[in-house]
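Residue numbers (the numbering used here), protein chains in the order written: chain A, 19 to 687; chain B, 19 to 687. Glycine is no exception: its CB is placed at the ideal position from the N, C-alpha and C atoms. Notes for the one structure printed next.
So, in structure tokens, the structure goes:
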């Protein structure tokens, strides 16, 4: 066993943990990982801990290709002691203790946790800590004390606009567990589909789901799978708007005039006029039965009722409802929605649940145990926290906005600049990264969520001071491979989709092309393509990845060069090679794009890539030589870059902003 | 609508169908595929046909990115008329009619089939027929009449030595449907695990499966999924050998002396001594209950009882059994197995099933309705057919032998040289491609089955005369992309596994390295690595593909050059580039291999690749120049090639045989 000290230490410990723990002290030496590795649970253990240890053992085996014993002793003799005090809460709540500490010395390792959930978090750290060098695998000696910054660290997945089968949900949960997220917010109904079997109201799915829904057994299976990983499942049934799919089977729930049906499943996206009729007693009888049935499937203490984007149009156009409003002195449709929520809340409470709603459920006088989920951003969250409401931040973390991991990472639920008092700050429970499903299907969903969600997971878990973007991207690249190991397809999807588009395995040119591109945002695609639920998601945009690794790499190198033009020969060479590679590949890229109508729409982008790459090479040359750029070069180059910003083929270049900076840095002759 | 005739015809129809239909006549013109495409079922339709049509519509949409209606009319007005006479057999049997005809004209298409299963086959052909050129998508005008050559076209999957979850099974069935295979032979129990829930004998899985088994609901789900695709599911419960996993929960079934237990699940591979005790009545009582329960899950008329590799050792070592043999004048343990089968057969028949067994169940006097599955090869099959027994050929199609698609493809269940009479020939029902699971897990299974199984599927379906290997590989490359579209990971797995091995997304050098390699055969790996069920499958061998596309490509080019050294400048250039690429990548390959112990075992292979590539380049030079090769060059080169055949790192080079031919063709000075 090698005990390394002093200068050797730096070489043995490469911190690739994600999220970063609250406190980590690297020590001297390393604990070798060999075929004799064992785990023991000397104190408490239960089925959940046992299963997590088995998954850990299998992960370590996969990482090293070394066979290890799967037998877990209850004694005190093992390479890794997992010392847990107790099971934790029977139903995991916001208050579950997730802390753990991990000590690795050159001779042994110990994971201490007060609860099994804390141990689950620590076991993920154990898996991430394993390192391999040319000759062996080992755990670096460290002392880690860890606890989450926020108690609510969620991932929201819309399964209504597109449906995702159970295996997709399971691997999403595995990805979440890997980065210590703890709430799966399951957006189960919307205008475009009702996705859970109801035995009481079977037409919700028989007519409102196109046959794409989870059986109650499958829901229980997912909830158990999540609990096994220390993840709460918060179901959302969005109402009173976003409910058109309900009305296909149950038209009397809607607010339309008599005979205004029949309703169909909405295929378009955007805000729908049809909404639940809040004026009938039968509505609340229906909701009582439905919520009673649904809460029986979801043990979590929270129940999400949506509440967003109800535009009141159907209410205003029904004289009976207008009469009701005036009879109840409800001055507008917002007031009618408050009335609806006031009727809804006791139903939710009757089933022993706390209500969660999007921003719009917030109104004066709302009971304080309702949680506000802010999709309108930090300002709305601050407002409700100021008034004493607990809240969750979502809006900066909308993955369909196709922002970079960096942008998502730097948004803080509680920025240091926040005006909230220390007490008000405790009302900010955390945040949720949100995946809306207008433009994703089961093939592309992973590549839209991961690895960007992992960067947000660190924001929710790690100390606020952890904000080094370079370091985040370095660790994210490693974490991305770990996420692939749990079965996620976020990396492999790109090549798979390109092969489908090209009809051949020979896609090297298309991969080079794709490395310069990323999808446009949800709203840009929606505007340009007029998408609906029925739009095939088989275009180049569906193949390319948001924030591909090459994007930040290019940005970083350009910034390095701009900071010290002569001091970065490596960055310079690397950039030149990138640009040259794009230029060299142009003929084969264009040939590949010319094979089918779906690909050939991107031909203008291929031509632009060549032009932009040439500009990049020229800028590098002018920046490092005494030869001045020709008159008009800068103006023309900036015009070319500007033109490349215009919409085309639903994809955008990843490097226009830094390229523009590079061109601007060239001295004007 | 463009009607193309004459010389344009050749350009419009590229035959990529796999398997090839019995008869195909290309016609003039093409039927454009646009957003107005529709399907109608004017005569019969049922839920199975409807679902298959929906899958077809979605496939066509994915292939073109053109949104099309999913509404299927029952009238006579649609782009494609699916004209089916009836449902076919309620329980699909050997005699199900699978024929169909497909007519495409420039204005419409019609698929005729007597049964829904025939229509399913035809709908696969429709999906394969769609072509795309730079500006549009279309069906070429054709007249196809199609029917299978063999009635039993199976894929056998061992789920005992490693377990494959339901999603793996489902995508395997989708792949099978795509190439018109019609029997899924599910090898559900063996020494290493019993994989189906038994409510009557729950310890079969609670103690004999490590928790890895299919619930009865899952079995029913798989059977329904298969039936939906026109695939029969034949379950196998291998006995009296290959049953050690049964004995963990039910030791009294075994033939050991009293107290010779307890039994454990076997982890080693190879032949096991423990076997069912055929001398006790309680054995047959147990089997009656078990077979009764299992046959209730599988509607197929056939029930596979295994019967292979029972070595009789445990029987011979138990005096009570030896006494039984002499009391019943059973001269040896083979005779005792005959006795066992004679007792087993009426039990199987009691549940209205035909028995199927491996070669060893064949013995004089065996009832004629038992089907013999030959794993010992064509000779055994011929023998039993000569005696009037129906048989299925498996042995040339053992995928774990890691033979090429070509070798699998050219093996014929009924070669033209067969000595069987016309009547005896009818006893050869077909064949099964076999996937044994010692060395595969759910990550690698697809890449071991596909696309090679598709080549065998053509052998089973298409006319015997279809044997053009070049053409098969050309179509197989396209079919491989289609198989990826149904969710199979046979292509993506390689890069995913290399990323896991390397711990990084930057695996370009490893991909170049992998393109020269393939896994060694089952037996070579077994010998070299001493694998067991517990061996982690995380080595380079588990990443690389059997028969990668580059293998045949290299062989083909070398043969082209050898045939006409000066007439193949393109092949020459391509080959030079391949060799040069391997040489150029050598430093980065070696750097990548040096990062971990699991990869660095392949360093010698990397050095060899450089040497072999240099030899290839030199051979090409000597073959095309007047400069003679130096003395000893050939001898040394052949020695280097020979050395590269020696086992190393569990992988082998794909191109040694043709390289040897190339070197041998260089004139001796």
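Below-8 Å beta-carbon distance, residue i vs any chain B residue
| i | result |
| --- | --- |
| residue 206(A) | no |
| residue 249(A) | no |
| residue 509(A) | yes |
| residue 538(A) | no |
Proximal residues of chain B, C-beta to C-beta of residue i below 7 Å
| i | result |
| --- | --- |
| residue 154(A) | 615 |
Listed by chain order, chain B residues near residue i by CB distance under 8 Å
| i | result |
| --- | --- |
| residue 602(A) | Result: empty, since nearest Cβ-Cβ is about 14 Å, beyond 8 Å. |
| residue 495(A) | 522 and 523 |
| residue 80(A) | 518, 554 and 556 |
| residue 567(A) | 523 |
| residue 642(A) | Residues of chain B passing the Cβ test: none, with the nearest at roughly 27 Å. |
Separation of residue j from residue i, as counted between CA atoms
| i | j | result |
| --- | --- | --- |
| residue 255(B) | residue 325(B) | 9 Å |
| residue 230(A) | residue 223(A) | 8 Å |
| residue 592(B) | residue 531(A) | 23 Å |
| residue 63(A) | residue 263(B) | 28 Å |
| residue 548(B) | residue 542(B) | 10 Å |
| residue 417(B) | residue 685(B) | 38 Å |
| residue 187(A) | residue 493(A) | 25 Å |
| residue 48(B) | residue 124(B) | 5 Å |
| residue 296(B) | residue 355(B) | 8 Å |
| residue 319(B) | residue 111(B) | 7 Å |
| residue 339(A) | residue 438(A) | 40 Å |
Contacts that residue i makes with chain A (C-beta to C-beta distance below 8 Å)
| i | result |
| --- | --- |
| residue 502(B) | 514, 517 and 518 |
| residue 84(B) | 554 |
| residue 185(B) | 185 |
Beta carbon proximity, residue i to chain A, threshold 8 Å
| i | result |
| --- | --- |
| residue 230(B) | no |
| residue 150(B) | yes |
| residue 283(B) | no |
| residue 20(B) | Because residue 20(B) carries a pLDDT of 37, less than 50, the predicted location of this residue cannot be relied on, and no value is offered for it. |
| residue 668(B) | no |
| residue 612(B) | yes |
Chain D contact residues for residue i, given Cβ-Cβ distances below 7 Å
| i | result |
| --- | --- |
| residue 682(B) | Although the question refers to chain D, the structure presented lacks it and instead comprises the protein chains A and B. |
Other residues of its chain near residue i: CB distance less than 7 Å, five sequence neighbours each side excluded
| i | result |
| --- | --- |
| residue 275(A) | 336 |
| residue 90(A) | 57, 58, 59, 68 and 71 |
| residue 629(A) | 658 |
| residue 431(A) | 168, 411, 446, 448 and 449 |
Beta-carbon contacts of residue i that lie in its chain and below 6 Å, excluding the five residues immediately before and after
| i | result |
| --- | --- |
| residue 507(B) | 464 |
| residue 398(B) | 377 and 392 |
| residue 484(A) | 38 |
CB of residue i within 8 Å of CB of residue j, strictly
| i | j | result |
| --- | --- | --- |
| residue 38(A) | residue 476(A) | yes |
| residue 58(B) | residue 117(B) | no |
| residue 458(B) | residue 180(B) | yes |
| residue 266(B) | residue 213(B) | no |
| residue 281(A) | residue 293(A) | no |
| residue 321(A) | residue 237(A) | no |
| residue 81(B) | residue 138(B) | no |
Interface partners of residue i on chain B, CB under 9 Å
| i | result |
| --- | --- |
| residue 132(A) | What residue 132(A) touches in chain B: nothing, since even the nearest Cβ is about 28 Å away. |
Per-residue contacts from residue i into chain A (C-beta, under 9 Å)
| i | result |
| --- | --- |
| residue 618(B) | 152 and 153 |
| residue 499(B) | 517, 518, 520, 521, 522 and 523 |
Own chain residues within Cβ distance below 8 Å of residue i, not counting five before or after
| i | result |
| --- | --- |
| residue 661(B) | 626 |
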